[in-house]
Amino acid sequence: MKLFDLVKTFQSTVILRNHEGVEAQADSVIAMLMLDSEQGSHINIEVTGSDEKEAIDAIIALFESGFDEE
Numbered sequence: 534m535k536l537f538d539l540v541k542t543f544q545s546t547v548i549l550r551n552h553e554g555v556e557a558q559a560d561s562v563i564a565m566l567m568l569d570s571e572q573g574s575h576i577n578i579e580v581t582g583s584d585e586k587e588a589i590d591a592i593i594a595l596f597e598s599g600f601d602e603e
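Using my numbering, read the sequence shown as starting at 534 and increasing by one per residue.
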């Protein structure tokens, strides 16, 4: 998973939250699967830590690129 691999490169904690308020740490594939969010769903992303600016910028770029998929 591209998001999982990206998040692991940062020290910050990344939390994903779906429209029902279910939260998952993005450094856990199992936790992210438990979000049960399908493509096109809206999620909130919370990043905290020493490199949070760099992490959120990289995450936004990944989402905006469509996860580099065609």
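Cβ atoms here follow ideal geometry from the backbone N, Cα and C, with glycine treated the same way. On a predicted model such as this, the values are computed, not experimentally measured, just so you know.
Query                                                                                                         : Result
Classification of valine 562 by the beta-carbon crowding that lies within 10 angstroms, buried from 16 upward : exposed
C-alpha gap between glutamate 585 and isoleucine 592, whole angstroms                                         : 10 Å
Contact set for valine 580: own chain, Cβ-Cβ below 6 Å, skip 5 residues either direction                      : Ser545, Val547, Ala588 and Ile589
Reduced DSSP category for alanine 557 - H, G, I as helix; E, B as strand; rest coil                           : strand
Where leucine 549 sits in the DSSP three-state scheme                                                         : strand
Residues bridged to glutamate 579 [DSSP beta-bridge criterion]                                                : Ile548
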